[in-house]
DNA sequence: GCAAAAGTGTTAGCCTTACACCCATGG
DNA sequence: CCATGGGTGTAAGGCTAACACTTTTGC
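Residue numbers (the UniProt record's numbering), protein chains in the order written: chain A, 1 to 245; chain B, 1 to 245.
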């Protein structure tokens, strides 16, 4: 904002006010499929329809704070889960008419989680569930578009950032990390090449000291790694046949 | 937004309303230096201080529409100039207290222009000017941060998109395009390699048919190009020693 | 033993980098 | 004729892509 170009007799309370909300596209990788966290609406409009979790920003809150609060309220995810998740502002949706009730501007966030416990409904959400990304029905409001934008955004950021570790538990194998890429991008990657790329990128991952090893299912046990301190990837890890941002 | 979690007795008009504004980080390359379009505030708070152009979103507008309107009002740039510029949503700033008067949520945009005419003040802006990026004084509100974010964002997007052509006139030489990169990144690029990279990227630029040639200053006349239809760059054009997003 | 996944090695090819060199123009 | 920028060529090196092969586990 700059100089308040108050139109004739402008008074903040005279206009129909803007409501400011947050919407969350919460994504996880579970069983090799990308899942989104959705809630079933308990009220009109769109009562009974699936929607992204979210809600109003309160007067004292920043949008980021509101995002974490709403997520905890509506999905019953634990405080530590919500406190630790990776939140990233995605886009702000401002079209008049996107909410039939009133003028609503929504700040959308993407959030990434390692495979988490089943959520439960709460707050105004009648129900909360993980749905496989390719089985998501039509959503309320413009949430279809927000979810699509979120998926595209995450896919693009996997190329240039260490974001993928946000989908993994604190200690993970390179196979798990690779599966994040494969799931989000919908491709298969060459295991040896992926391994080299990740290990030669300083700060992407760091080995867990005590050489304990963990088994995925069957097959050779894999070494464990933690997320490193790096945040950007140079050079990037481009997806095959890639298109990006 | 999702289920409206109306706190007890919630009524949109009962809360102190949120104001929604847009702020614009308008950048151009002029004389080999990155410039930002700034306005001098005519009113309190921060009267007399430099700030980004911007203003309130009106009830019937989307934020993008408001951005173009405010830019035309405050800087006197022509309608065609404003209509044609490349606008990109950057980030939304929501911290309580970022405006001392009231709760203001601001949707920030970056806009890129080819070297344009000098703007004039208008609307609520006492004065509008291009300032070299490294001579920008402390700005009103949190506009310093917005401008810094915009510069970082543009620099990163030059690597992966055809955004650089937005800084160029409809027909331009490869030297002009290269200068955009060099100016924004603050590096010098190898001319032959830059040329090859641009020309071998399908859809980045296309040659202007009639082999007219234009002289920059002295030196051999250069061939002219138009922006192509491509929007993404694959593979990317990474900045040397690069760091990015 | 066989399937599955981890881990190591190797090679060909692409792309970038660095730099040499010629061309066209203005002073 | 020289400085300046456009345009072409080329060789070295880094990185990726593709694939062969060994290791270690569960069944």
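Note that CB positions come from ideal geometry on N, CA and C, so glycine has one too.
All values reported here derive from a predicted model rather than from experimental measurement.
What residues are listed by DSSP as bridge partners for residue 62 (chain B)? Position 62 of the second chain, counting from 1, holds the residue named residue 62 (chain B). Partner(s): none; residue 62 (chain B) has no beta bridge.
If you measure beta-carbon to beta-carbon, which residues of the segment 149 to 168 of chain B are closer than 9 Å to chain A? Against chain A - using a Cβ distance shorter than 9 Å - the residues of the segment 149 to 168 of chain B are 156, 157, 159, 160 and 161.
Using the DSSP secondary-structure output, state which residues sit across from residue 54 (chain B) in a beta bridge. As a working note, residue 54 (chain B) is residue 54 in the second chain. Looking at the DSSP assignment, residue 54 (chain B) forms a beta bridge with B:23.
Runs of beta strand (DSSP E) lying entirely within the segment 125 to 160 of chain B, each at least 3 residues, in chain order: Those beta strand (DSSP E) runs which fall completely within the segment 125 to 160 of chain B and span 3+ residues are 125 to 132.
Neighbour flag for residue 63 (chain A) against chain B, beta carbons, 8 Å: Taking the first chain and counting its residues from 1, one reaches residue 63 (chain A) at position 63. Output row for residue 63 (chain A): interface = yes.
Would you mind sorting residue 134 (chain B) into buried or exposed? The rule is 16 or more other CB atoms within 10 Å of its CB. Numbered from its first residue, the second chain carries residue 134 (chain B) at position 134. Residue 134 (chain B) comes out exposed.
Between residue 26 (chain B) and residue 71 (chain B), which are expected to be in contact by the criterion C-beta below 8 Å, what is the C-beta distance as a whole number of angstroms? In the second chain, residue 26 (chain B) corresponds to position 26, counting from 1. In the second chain, residue 71 (chain B) corresponds to position 71, counting from 1. Confirmed, about 7 Å.
Within 10 angstroms of its Cβ, does residue 159 (chain A) collect 16 or more other Cβ (buried), or is it exposed? The sequence position of residue 159 (chain A) within the first chain is 159, counting from 1. Residue 159 (chain A) is buried by the Cβ-count criterion.
Could you check where the beta strand (DSSP E) with residue 87 (chain B) kicks off and where it finishes? In the second chain, the residue the question calls residue 87 (chain B) occupies position 87. Counting along the chain, the beta strand (DSSP E) containing residue 87 (chain B) begins and ends at 86 to 93.
Let me check understanding here. Comparing Cα to Cα, which of B:129, B:79 and B:234 lies closest to residue 203 (chain B)? If you number the second chain from 1, residue 203 (chain B) lands on position 203. The shortest C-alpha separation from residue 203 (chain B) is found at B:234.
Strand pairing of residue 37 (chain B), partner residues [DSSP]: For the purposes of this step, residue 37 (chain B) is taken as the residue at position 37 of the second chain. Residue pairing for residue 37 (chain B): DSSP places it in a beta bridge opposite B:130.
Do we get a CB-CB distance below 8 Å when we pair residue 92 (chain A) with the residues of chain B? Start at 1 with the first residue of the first chain, and residue 92 (chain A) comes out as number 92. The beta-carbon of residue 92 (chain A) is placed less than 8 Å from the nearest beta-carbon of chain B.
If you drop the 5 nearest sequence neighbours on each side, which residues of the same chain put their C-beta closer than 7 Å to that of residue 212 (chain B)? Indexing the second chain from 1 puts residue 212 (chain B) at position 212. So the qualifying residues of the chain are 224.
By the 10 Å Cβ neighbour count, where 16 or more other Cβ atoms means buried, how is residue 214 (chain B) classified, buried or exposed? Stepping through the second chain from its first residue, residue 214 (chain B) is reached at position 214. Under this definition residue 214 (chain B) is an exposed residue.
When you compare only the Cα positions, how much space is there between residue 3 (chain B) and residue 147 (chain B)? Position 3 of the second chain, counting from 1, holds the residue named residue 3 (chain B). Position 147 of the second chain, counting from 1, holds the residue named residue 147 (chain B). At residue 3 (chain B), the pLDDT of 45 sits below 50, so the modelled position is not reliable and the matter cannot be decided from this model.
Rounded to whole angstroms, what's the CA-CA distance from residue 59 (chain B) to residue 108 (chain B)? Just pull it up for me. Here residue 59 (chain B) is taken as the residue at index 59 of the second chain, counted from 1. Here residue 108 (chain B) is taken as the residue at index 108 of the second chain, counted from 1. Distance between the alpha carbons of residue 59 (chain B) and residue 108 (chain B): 18 Å.
Thinking just about the alpha-carbon of each residue, which of A:185, A:199 and A:132 is nearest to the one in residue 238 (chain A)? Here residue 238 (chain A) refers to the residue found at position 238 when the first chain is read from its first residue. Among A:185, A:199 and A:132, the Cα nearest to that of residue 238 (chain A) is on A:185.
Just to make sure I have the definition right: I need the residues of chain B whose C-beta is within less than 9 Å of the C-beta of residue 238 (chain A). Which are they? Residue mapping note: residue 238 (chain A) aligns to position 238 of the first chain, counting from 1. Correct list: 234, 235 and 236.
Using the C-alpha atoms, what's the distance from residue 222 (chain A) back to residue 101 (chain A)? Counting from 1 along the first chain, the entry for residue 101 (chain A) is found at position 101. Counting from 1 along the first chain, the entry for residue 222 (chain A) is found at position 222. So the alpha carbons of these two residues sit roughly 53 Å apart.
From which residue to which residue does the beta strand (DSSP E) around residue 207 (chain A) run? Locating residue 207 (chain A) in the first chain gives position 207, counting from the first residue. Element bounds for residue 207 (chain A): 205 to 207.
Option in B:76, B:132 and B:136 with minimal Cα separation from residue 117 (chain B): As a first step, residue 117 (chain B) must be located in the second chain, where it is residue number 117. The shortest C-alpha separation from residue 117 (chain B) is found at B:76.
Taking Cβ positions only, does residue 86 (chain B) come closer than 8 Å to chain A? By 1-based counting over the second chain, the position of residue 86 (chain B) is 86. Not one chain A Cβ lies under 8 Å of residue 86 (chain B).
Closest by CA to residue 128 (chain B), which one among B:33, B:114 and B:42? Within the second chain, residue 128 (chain B) is the residue found at index 128, counting from 1. When the alpha-carbon of residue 128 (chain B) is set against those of B:33, B:114 and B:42, the nearest one is in B:42.
For a cutoff of 8 Å on Cβ pairs, would you count residue 95 (chain A) as touching chain B? Along the first chain, one-based indexing puts residue 95 (chain A) at 95. Yes, its Cβ sits closer than 8 Å to a Cβ of chain B.
Strictly below 7 Å CB to CB, what residues from chain A border residue 179 (chain B)? One-based indexing of the second chain puts residue 179 (chain B) at position 179. By Cβ distance, chain A contributes nothing, its closest Cβ being about 24 Å from residue 179 (chain B), past 7 Å.
Where residue 240 (chain B) and residue 18 (chain B) are concerned, what is the direct C-alpha to C-alpha distance, given to the nearest angstrom? As a first step, residue 240 (chain B) is located in the second chain; it is residue number 240 there, counting from the start. As a first step, residue 18 (chain B) is located in the second chain; it is residue number 18 there, counting from the start. Taking the straight line joining both Cα atoms gives about 43 Å.
Can you tell which of A:104, A:208 and A:232 has its C-alpha closest to the C-alpha of residue 252 (chain A)? Lying outside 1 to 245, the shown extent of chain A, residue 252 (chain A) is not represented and no answer is given.
Return the chain-ordered list of same chain residues with a C-beta closer than 7 Å to the C-beta of residue 198 (chain B), the five sequence neighbours on each side being excluded. Taking the second chain and counting its residues from 1, one reaches residue 198 (chain B) at position 198. 174, 177, 204 and 205.
Where DSSP assigns a beta bridge to residue 106 (chain A), which residues make up the other side? The residue you call residue 106 (chain A) lines up with position 106 of the first chain. Residue 106 (chain A) pairs with A:21 and A:93.
Might you give, ordered along the chain, the residues of its own chain that have their beta carbon closer than 8 Å to the beta carbon of residue 35 (chain A), omitting 5 neighbours on each side? Stepping through the first chain from its first residue, residue 35 (chain A) is reached at position 35. Excluding the 5 residues flanking it on each side, residue 35 (chain A) has same chain C-beta neighbours closer than 8 Å at 27, 28, 29, 130, 131, 132 and 133, in chain order.
Starting from residue 112 (chain B), follow its DSSP beta bridges and name the residues at the other end. For the purposes of this step, residue 112 (chain B) is identified with residue 112 of the second chain, where counting begins at 1. DSSP lists B:27 and B:86 as partners of residue 112 (chain B).
Sheet register partners of residue 225 (chain A) (DSSP bridge): For the purposes of this step, residue 225 (chain A) is identified with residue 225 of the first chain, where counting begins at 1. In DSSP, residue 225 (chain A) forms a bridge with A:172 and A:207.
Using C-beta distances below 7 Å, list every residue in its chain close to residue 137 (chain B), excluding the 5 sequence neighbours before and after it, in chain order. Residue mapping note: residue 137 (chain B) aligns to position 137 of the second chain, counting from 1. Closer than 7 Å at Cβ, skipping near neighbours: 50.
For residue 37 (chain B), tell me which candidate among B:124, B:48 and B:120 has the shortest Cα-Cα distance. By one-based count along the second chain, residue 37 (chain B) stands at place 37. Residue B:120 is the option with its Cα nearest to residue 37 (chain B).
Short CB-CB distance (under 8 Å) between residue 1 (chain B) and chain A: The residue labelled residue 1 (chain B) in the question sits at position 1 within the second chain. The pLDDT assigned to residue 1 (chain B) is 48, lower than 50, so where the model puts this residue is not dependable; a value taken from the coordinates is nonetheless given after this. For residue 1 (chain B), the answer is yes, since a Cβ of chain A falls inside 8 Å of its Cβ.
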